[in-house]
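Visitor: Counting in this note's numbering, the sequence shown runs from -5 upward without gaps.
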Amino acid sequence: MFVYLGTSEDSWAVGNDYFSVAKDLPGTLQQIWDRLGNACGHVNKVGTLIAWMSTAPDGTYAIMTKGGELLSNRQDVLAAAQPATSVDHISFSPLGGYFIRFNDGTVQISHSSGFSNTFHHLVSQYLDTSCQTRQFSPIRDVFFGAKDAIIVRTDRELLSAMLSQSLQGSFQALTNGELKSSGFVLGRNTVLCPCDPDQYFLEAVSGTRSKHLYQMLSTKLPDQLVVMAMEKLSPSDDVLNSFIHGPFNNRLSVSSSVQPSHRPSSFSGLSPLPAGRSDHRHTISYAAPPDNRPWNGAPPQVTYPASGSTRQEIPPAARQRYEAIFANEAGGKPYLNGMEAAGVFMTSGLSRTDLADIWDEADRDRNGVFDREEFVQAMWRIELQTGRVSPPLPPRPWNGQAPAQQYQSVPAYNYPPTPYQPIPPVQQPSYIQPQSIQTIEILIAIRCKTCGSGLSPSETVYRSTTNHTISYFCQTCPQPQISTQVLLTAGQDLPQRKRSSLGCSGCWKDIKKGKLVWHCNKCWDKDLCQKCWGKVKKQCKHAATGQVAMMRVKGGKGGGEDDDEIIADVIDGVVSIATGGL
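(1) Is it true that the CB of HIS105 sits closer than 8 Å to the CB of GLN126?
(2) Taking 8 Å as the threshold, find out whether the segment 150 to 158 comes into contact with the segment 84 to 100 through three or more Cβ pairs.
(3) Tell me, to the nearest whole angstrom, how far the beta carbon of ASP192 is from that of GLN209; I am working on the premise that it is less than 8 Å.
(4) With burial defined as no fewer than 16 other Cβ atoms inside 10 Å of the residue's Cβ, what is the status of HIS83: buried or exposed?
(5) Who does ILE438 pair with in a DSSP beta bridge?
(6) Compute the beta-carbon to beta-carbon distance between GLY446 and ALA538, rounded to the nearest angstrom, for a pair I have assumed lies under 8 Å.
(7) Give the DSSP-derived three-state secondary structure of ASP135 in the structure shown.
(8) Can you say whether ASN170 is buried or exposed, counting buried as having 16 or more other CB atoms within 10 angstroms of its CB?
(9) Given a threshold of 16 other Cβ atoms within 10 Å of its Cβ, counted over all protein chains shown, does ARG203 qualify as buried or as exposed?
(10) Which stretch, first to last residue, makes up the beta strand (DSSP E) that contains ILE598?
(11) Excluding sequence positions up to five away, which residues of its chain have a Cβ less than 6 Å from the Cβ of HIS513?
(12) Helix, strand or coil for TYR316? Go by DSSP, reduced to three states.
(13) Please report the distance separating the alpha-carbon of VAL179 from that of GLN473.
(14) Does the structure place the segment 473 to 482 close enough to the segment 65 to 74 that three or more beta carbon pairs sit under 8 Å?
(15) For a minimum of 4 consecutive residues, which ranges assigned as the alpha helix (DSSP H) are wholly contained in the segment 157 to 229?
(16) Looking at GLY381: is its Cβ nearer than 8 Å to the Cβ of GLY332?
(17) LYS17 lies in the beta strand (DSSP E); which residues open and close that run?
(18) For ARG95 and HIS114, I'd like the C-alpha separation in whole angstroms.
(19) Helix, strand or coil for LEU(-1) per DSSP?
(20) Is the distance from the Cβ of ALA33 to the Cβ of ILE319 below 8 Å?
(21) Please tell me whether TYR120 and SER131 are closer than 8 Å, where the distance is taken between their beta carbons.
(22) Quick check on GLU172: buried or exposed, where buried means 16 or more other Cβ atoms within 10 Å of its Cβ?
(23) I'd like the list of long-range same chain contacts for ALA484, defined as Cβ closer than 6 Å, with 5 residues on each side in sequence excluded.
(24) Tell me the rounded alpha-carbon separation between CYS442 and CYS501.
(25) Quick one: what's got a C-beta closer than 7 Å to LYS174's C-beta in the same chain, skipping five residues either side?
(26) What are the boundary residues of the alpha helix (DSSP H) that includes ARG29?
(27) Does DSSP classify LYS141 as helix, strand or coil?
(28) May I have the straight-line CA-CA distance separating ASP348 from SER236, to the nearest angstrom?
(29) Excluding five sequence neighbours on each side, which residues of the same chain lie with their C-beta closer than 7 Å to the C-beta of CYS189?
(30) If I'm right that PHE(-4) touches GLY41 with Cβ under 8 Å, what's the distance once you round it to whole angstroms?
(31) Would GLY53 and LEU89 qualify as a contact pair, given that the criterion is a beta-carbon distance under 8 Å?
(32) Apart from the five residues just before and just after GLY337, which ones in its own chain have a Cβ nearer than 7 Å to its Cβ?
(33) How about LEU219 and VAL8: do their beta carbons lie closer than 8 Å?
(34) Would LEU496 and VAL455 qualify as a contact pair, given that the criterion is a beta-carbon distance under 8 Å?
(35) Got a sec? Which residues, its chain only, sit under 6 Å from THR184 by beta carbon, not counting five neighbours each side?
(36) From THR123, GLN129, THR112, pick the residue whose C-alpha is nearest to that of ILE145; which is it?
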């Protein structure tokens, strides 16, 4: 998993192999995030492409994709980090410096003026800071935080300076605590907040295992999202979007200060919020909190007011249906947490204002958690509001006698917007030809969803968006009923690859500098030219799993071609003359 902490309270991102969600990213980072989202085809799947990311307070970023592509808005970093597949990690100093770690044991830093005196003092015995070329060093990772906070991980030890008291306490678990004794080391997805020294996310790794220690403002990065990422969950789009926009006009708190007396098993790795401290949370995911009583599935005892409140009389058939929905969503728990309930309520089509009012009426004990009766009451009110059931006669007190009323049966709870009109069958698919073909920039390798043929820049294809998922179709395959014709173009930030002496693995022809190449990071030296990428039989088995990267062959205008490339161009010219350009 990965975490991004921005320079403002509402700027963050989090994700794992199944989902990602981001809020209020800086302009430059938002641009690359949007482009990756367009490339991967899902608004909440951008992070699934990311192996690791590093950022700086000024909006500088370096992102390594799982396909081995390095993306950055710093050209000096891209020039130094070659080849991209040899880079282990990159970090940025608040003063503008960069630190690059390569997988051959070498490191490279920018000019010494880009680092603080604290950094120079901390790494002086391990690194020649006056050298701006690659040098061998035992330093593996460097992490920069607010107020000159620095953590340095070497092959043998962890160094730190200017850490806050809370960060120092968590840091000690890795230096002389139980994590160190268990073989855990600091991971490269560690993040120190650039604006608050008391906010951080520490990753501890040991082989395939990972643990996390973090402390953040409860209003910055929602606790549920961090837990979902750590637990490798894949929440629905409605739930993820509610963290960005706030369910029901932010009247539902995603990190409620009033917690239920028990927690679901998926939350067992979290320590509860300390009493009297609602502004921060300090969590150690490997230490499960002791439970005062064993969780036996029994719902918490809630005492409802005896008078002054009214309860809607619900017909048995409707109640049975609501209870079935509750049982399905709760998965054996006696309650739904706020996000789970919101995910159901938001399918009704009601406005957030209306849902907020219903939420307040149904959540009797104001704890942000819905037991079965509260959920049933909320669903009944929602259906009344949408007009799918007849309005009740005057409500009775909680213990009163129910008046007779009419009830009309309704369909399942995943409603279309009101009023509902059945969609007539379409006799003949029709495609709307736009006045001008839209140009779509791509940064990763894409294939036709139907036949699997590779799609390349300069091709005109069909693009379809369904349930936030973007798919591409070649001209020869049947297109979806609703699709748009687009022109593909290569992104400016494509990673570069050194010219291979073996050429294309499909046709064995040379791939010249400046041309596009499709490189598989799993196969040995597997490169395909643009023509062969379009042929399914030429692709390797990893193409279907998104592990082939679209890159540009290094060289050309910059004058950086080597002797082999110059000789190859001369040979190409001689062959062209001898064959008449055939």
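All residues carry an ideal CB built from backbone N, CA and C; glycine is no exception.
Guide: The structure says:
(1) yes
(2) no
(3) 6 Å
(4) buried
(5) In DSSP, ILE438 forms no bridge with anything.
(6) 7 Å
(7) strand
(8) exposed
(9) exposed
(10) Because the chain spans -5 through 576 in this model, residue 598 falls outside it and cannot be assessed.
(11) ARG491, ASP521, ALA543, MET545
(12) helix
(13) 50 Å
(14) no
(15) 159 to 169, 172 to 175, 217 to 224
(16) no
(17) 14 to 17
(18) 17 Å
(19) strand
(20) no
(21) yes
(22) exposed
(23) PRO451
(24) 21 Å
(25) LEU168
(26) 21 to 34
(27) helix
(28) 16 Å
(29) THR1, ALA140
(30) 7 Å
(31) no
(32) SER230, ASP232, VAL233
(33) yes
(34) no
(35) PHE137, LEU196, GLU197
(36) THR112
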